[in-house]
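Data first, discussion second: the structure below is written as structure tokens.
Residue numbers (this note's numbering): 34 to 1084.
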């Protein structure tokens, strides 16, 4: 038992603890450090003492305040009135009450609770402390979030909060806003600041008023919401089965078909958005609910749309977007085909950031967005490692206005916001605004180009001022270099400068929509006009003709000419250029000298200007219209017996034989074995019309060659295609040509092409090249009376690997038996050299009844160049034994810096210089370079410098370099183990060196001079051909040069 003093102290401390716990939910600071058992003992003792004291006080109060209760055995008021009488009375018998009856005069308020069931004071305090701790368990973030929600409901923003403080002369300290939000969520927190307390009181009073108002209108709101949801479901009766593809039937009523695109635009514009493939055969739309692209594939099938909308993922997304769903679509699959999902308009729905709304942050760029939407929203294509600023947004066009929406749109927003946070964040990006402004600036340049060519100078200057006042110029988002365009005074130069801006843009960066816009809006007259006067004349002619056609004043011949120009599509504007430059200029000259016949001397320009017409009668009609004599026009015919008809000659054996015989006749080598060279050269893809190319017929050249006549596009008759290149597919345009050129075996001065095949870049293989060579050799050997070519030269490319292996005996005999020319060849080995792995071919000619050895060379200059570049590369350190090859020592001995740096990797001269002795001096660092130069000299001794040695020396040098390569590879494998490739020449280079040595060793069995049997002749032929015609993009240049070359040979 505790003493009285201790008991008093315990009671006081317990009271203090209970009061603190009841108010704050925490122990007082002074008692917090006491042991737990002490605190528990104090609290128990204090609770017991306080309970006894309160019960005692309560009983005393009840006794004083309650009136005297009547006895159960006494009667009522009548009995009390008879108490005054003094007469004797018999006492009334006491009535016993049953157990379930309540005592007379008792009540629930007066009857004390049983002692065991009444909660103690300690239990009540513990419950309050538990509730306080639960309230304390909320984190600061949760309190701030709840307070922010309450503040938004009462339109209380941070800006208003700060302004109220500044108006009252008390700037808020740091963290004051968060403390206010926590106190707004937890009303038990106290606020020291008067302004904060006043604002919290206003919010709490407003919440009470709103609660009362909402309680009165709850029933009516529920009824209105139910009515709105029922009205949102629009009934629709889809067809029994989807309509088939194709045109509508004759008996089909107009508008009876279900149109998916119109339906989505009218009823689902907030759920689905168009993509680049929406109007294609896939009918692909982006679903914001599922956040992915959906392919509907048909525009007349509603069932596929409803099947997609019945998916659980789609319906969950609709809930997140705040869209209503028809009940029939969620319950029954059969009934869902007859109902539809309709968006229920709710306040707070996100419709994207409007462009036309004055309150929107995109409204200052409304004009730029207007141009962007009107142009079809063209895009720029970006590389995979680049970021597209327009990739995360979608543009919407509706009757309510244009808007920009983020792809990850939340679907909901606050009533006071213009859009959700995702849409606002995506559209506030500066890169997004710059991308749209740049497109608007490019469109303004297109308009400026058109005005410069078709309107007056005043109109052009006025539009320049208009561009300066555009929103993208004022905001500084685009047009920083506009003054460089504005300062150009010449209209033609201005148009060329604008045109050059778009022509210099890489083609892969232009999307299809942007290409279409530039093709239709960007004038192309600046490409062929030479001066402003010519451009003005061109515009005058085109505008006059178009006005005459519009008003019905055009003559029949004018309409025929205009229709031909429009249908031709080859050089429609070049035809107008010919009209201006040829006839107007010549007419002026004729008027100056009326009696002169000068206008009849140069009609070739007129023929070139009008050759796009493709038919002779239209050309004659034009000449007669301008009073010219068609018979005086010189005829240009490419189908002449002077030079070979090499273009696509492999399609016909007769044409190839004739081409070979003409080439042999030009080279003065009839009935002699020639040297054949095979190689490819690159051309720019394009189609051009060539007049009188075959049998006085005009052809379009520039397409791919194919074995099958129905799939070839290398020569297409112009009359069949109407003179237009639009019928030739872009994927059928040739990018390179394969040439089979002939050369005398004793001279490299003259090279004649006997077969030219337009090919696609990267569309061939080594097996196909071997097949083409076999077909060519079969035909030309037959044309030469059974005598095959003396040698065949080609480079060491991968496409020629099978040809290289076939002439070295590395291809299986069964494979050779399937090829036309090689099946008559016998593979022979050099039996005296037991370890020699290569063989050579002996062709058995039936007409000649004898065998002919055919040699091959895989390009001595090509292999030399590849070997030199191997030493120059930094990917490996080549070692020969213990010596490494270091090329940096060449810089100290006068080698040109461009040669050392490999500025021109295709240069044969630079490759030889890097391995020449004058630049390789003796030092400890150049020993490996001496070995490399020795190997290069060995290779040159039997190829490019073979005239200095006899056949025996050439053969020994070929064997020597072969075994040097074998030692080089085997020694590095033994020395460096698995890392041997980092110290060895590449496998393809070693392979080419060994095969070249094998071909040289086999050639010593014949009288061939290896220096004259390399591929240098065809490389020189390509250089001269492209050097004479640097600006031509088709094979017409090849024809013109061959004609001139053969004519000089004949002379």
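No residue lacks a Cβ here, since even glycine has one placed at the ideal position from N, Cα and C.
| Item | Value |
| --- | --- |
| From 385, 439, 522, 539, residue whose alpha carbon lies closest to that of residue 415 | 539 |
| Cβ distance (whole Å) where residue 681 is taken to contact residue 738 below 8 Å | 5 Å |
| The segment 1012-1032 in contact with the segment 901-914 per 3-pair CB rule at 8 Å | yes |
| Neighbourhood of residue 887 by C-beta distance below 6 Å, restricted to the same chain and skipping five residues each side | 821, 874, 876 |
| Continuous beta strand (DSSP E) stretch holding residue 884: start and end | 883-890 |
| Burial state of residue 899, where buried means 16 or more other Cβ atoms lie within 10 Å | buried |
| With 16 other Cβ atoms within 10 Å as the buried cut-off, status of residue 857 | buried |
| Sequence-distant residues of its chain with Cβ nearer than 6 Å to residue 546 (five each side left out) | 409, 411 |
| Where the beta strand (DSSP E) containing residue 327 begins and where it ends | 325-328 |
| Chain-order list of residues whose beta-carbon lies under 8 Å from that of residue 634 (same chain, five-residue window excluded) | Since pLDDT at residue 634 reaches only 47, below the 50 mark, its modelled position is unreliable, and the value read off the structure follows with that caveat. No residues qualify anywhere along the chain. |
| Candidates 979, 453, 238: closest to residue 386 by CA position | 453 |
| Assigned exposure category for residue 479 - 16 Cβ within 10 Å defines buried | buried |
| Closest by C-alpha distance to residue 675, when choosing among 694, 683, 684 | 694 |
| Classification of residue 50 by the beta-carbon crowding that lies within 10 angstroms, buried from 16 upward | buried |
| Which of helix, strand or coil DSSP assigns to residue 377 | Any answer about residue 377 is weak, because its pLDDT of 36 lies below 50 and its placement is not dependable; what the coordinates show is given next. Correct three-state label for residue 377: coil. |
| Residue 987 versus residue 791 - alpha carbon distance | 38 Å |
| From 775, 774, 854, 773, residue whose alpha carbon lies closest to that of residue 811 | 854 |
| Inter-residue Cα distance where the pair is residue 419 and residue 1049 | 44 Å |
| Euclidean distance between Cα positions of residue 1038 and residue 776 | 21 Å |
| CA-to-CA distance, residue 456 to residue 327, given in whole angstroms | 22 Å |
| Closest Cα partner of residue 201 within the set 229, 181, 889 | 229 |
| Inter-residue spacing [alpha-carbon to alpha-carbon] between residue 779 and residue 1042 | 8 Å |
| Proximity below 8 Å, CB of residue 319 to CB of residue 308 | yes |
| Limits of the unbroken beta strand (DSSP E) element including residue 809 | Residue 809 -> not in any beta strand (DSSP E); alpha helix (DSSP H) instead, spanning 799-816. |
| DSSP state of residue 440 mapped onto helix, strand, coil | coil |
| Local conformation of residue 701 per DSSP, three classes | coil |
| Backbone CA spacing between residue 182 and residue 338 [nearest angstrom] | 38 Å |
| Terminal residues of the beta strand (DSSP E) in which residue 318 lies | 317-320 |
| Where residue 89 sits in the DSSP three-state scheme | helix |
| Assumed close pair residue 512, residue 444 - CB separation to whole angstroms, cut-off 8 Å | Wrong, their Cβ atoms sit about 36 Å apart, outside the cutoff. |
| Proximity of residue 767 and residue 735 at Cβ, strictly below 8 Å | yes |
| Contacting residues, own chain, Cβ-Cβ under 6 Å from residue 947 (five flanking each side not counted) | 901 |
| Among 544, 519, 979, 551, nearest to residue 532 - alpha-carbon criterion | 551 |
| Alpha carbon of residue 1033 to alpha carbon of residue 1047, nearest angstrom | 11 Å |
| DSSP-derived helix/strand/coil call for residue 910 | coil |
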